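Each residue of the sequence shown is one higher than the last, beginning at 10 in this note's numbering. Each residue gets a CB set at the ideal place from its N, CA and C atoms; glycine is no exception. These numbers were taken from a predicted model, which means no experiment stands behind them.
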Amino acid sequence: MKEAPALRPVELLRILWRSLFIQATWNYERMQSLGYCFALIPFVQKLFDAAECKRFLRRNLEFFNTHPYMVGFLLGATMNLEYTARRENLRFDEINRLRKRLSESSAGIGDQLFWRYLKPVSAIVGVLLCFHSPVWGLVAFLSLYNLPHFYVRVVGLQEGIARGVDVVQSLTLQRFRKVFGVLKRAAAFASGLLLVVAGSRFGPRLGEETLAFSVALLVTVLLLRRNVAVPAILLLLVAALLTSGLVLALEQ
Numbered sequence: 010m011k012e013a014p015a016l017r018p019v020e021l022l023r024i025l026w027r028s029l030f031i032q033a034t035w036n037y038e039r040m041q042s043l044g045y046c047f048a049l050i051p052f053v054q055k056l057f058d059a060a061e062c063k064r065f066l067r068r069n070l071e072f073f074n075t076h077p078y079m080v081g082f083l084l085g086a087t088m089n090l091e092y093t094a095r096r097e098n099l100r101f102d103e104i105n106r107l108r109k110r111l112s113e114s115s116a117g118i119g120d121q122l123f124w125r126y127l128k129p130v131s132a133i134v135g136v137l138l139c140f141h142s143p144v145w146g147l148v149a150f151l152s153l154y155n156l157p158h159f160y161v162r163v164v165g166l167q168e169g170i171a172r173g174v175d176v177v178q179s180l181t182l183q184r185f186r187k188v189f190g191v192l193k194r195a196a197a198f199a200s201g202l203l204l205v206v207a208g209s210r211f212g213p214r215l216g217e218e219t220l221a222f223s224v225a226l227l228v229t230v231l232l233l234r235r236n237v238a239v240p241a242i243l244l245l246l247v248a249a250l251l252t253s254g255l256v257l258a259l260e261q
C-alpha cells in the first residue's frame, strides 16, 4: 500500500469540483454510484496502489443515492473511514452500512432544505427584484440559492473528514429545524409581498394593497401551519393574482 498523506487544499478542491458532477452518470440501476466514485478518485490515488484502487472502486460501485448537495458529508466520512480501516482493520461492510445510513438521512434533510424551502424562497425574491430590474432579479436568485448550496458542500466535506462516523450526528433534523423555521417565515413574508407588488401593477389603491397583503400573509401562514409545501402555496398565490388581474382588466 502507498503511504496515506493528508490531502492538500488543491486535492480537496478537485474532490469538490468532481462532486458537482455526481449525477452526470445517473442511472436507474445504481443511481449516483459512478459519480460518487469519480469524486473520490483524487483521494483513492493517494491512499491505494493501482490494484487496491480497482478493488475500492469495485466495492463502491453499488447502489448509491442521496441529495447531490449533501454528498460532501458522505465523501468526507468515507475518506476518514477508509483511512481508519487501514490502521484499525475496520471491515468494509461496516463502511458500506454507514454510507447507506448517511445517504438516507442526508437525502431527507437536503430535499427539505433545498427543494422545499430554499429554492422557492430564492425564486420569490428573484421575481420581486425583477419588477425593479431583471438583472438584479437573476443575480438575487442565483446568489440566494447557490451561496448556501456551496457552503453546505464545503462544510459537509470538512465535517466528514474531521468526524468520520460521528458525522451522522450532524445530519439530524434537530440541527436544521431552526433553518427550516426561518425559511418558512421568509416564504410567508415574501409570498405576501410578491402578491402586493405584482398586484400594484394593475393599479390598486393603497387600501387595496394593504388588504391584499394581509389576506395573502394570513393564508400563507395558515397553509404553512398545515404543512402545505411552499411551491404549492406559491402556485396558489400566483393563481389568485392572475385571477384578480383578470377581474380588474374586465372591469376596465
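- Taking 8 Å as the cut-off, the Cβ atoms of N74 and A48 do not count as close.
- Straight across, the Cα-Cα distance linking P157 with L251 is about 32 Å.
- Around L232, the same chain offers I242 as residues with beta carbons nearer than 7 Å, after the five sequence neighbours per side are excluded.
- For N36, the three-state secondary structure derived from DSSP is strand.
- In the three-state reduction of the DSSP assignment, F73 falls in the strand class, which pools E and B.
- When the five nearest sequence neighbours on each side are left out, the beta carbons in the same chain lying within less than 8 Å of the beta carbon of E71 are those of R39, S42, N105, in order along the chain.
- Taking F30 as the centre and dropping the five residues before and after it, the same chain places the C-beta of G44, F47, A48 closer than 8 Å to its C-beta, in chain order.
- Straight-line spacing of the CA atoms in L147 and T93 works out to 45 Å.
- Per the Cβ contact rule, the region 122–139 is not in contact with the region 52–72 (fewer than 3 Cβ pairs under 8 Å).
- For the set L22, V163, E168, the Cα lying nearest the Cα of N89 is the one of E168.
- For the pair I133 and A199, the CB atoms are nearer than the 8 Å cut-off.
- Here the alpha carbons of L16 and R23 stand approximately 10 Å from one another.
- Of the residues R162, I50, V130, the one whose Cα lies closest to the Cα of R67 is I50.
- Rounded to the nearest angstrom, the Cβ distance from L182 to I118 is 7 Å, consistent with a contact under 8 Å.
- Per DSSP, reduced to three states, the secondary structure at D58 is coil, with no helix or strand assignment.
- Between D175 and the set F82, L244, V130, R100, the nearest pair of CA atoms involves F82.
- One thing to note: S114 has its Cβ no nearer than 8 Å to the Cβ of V163.
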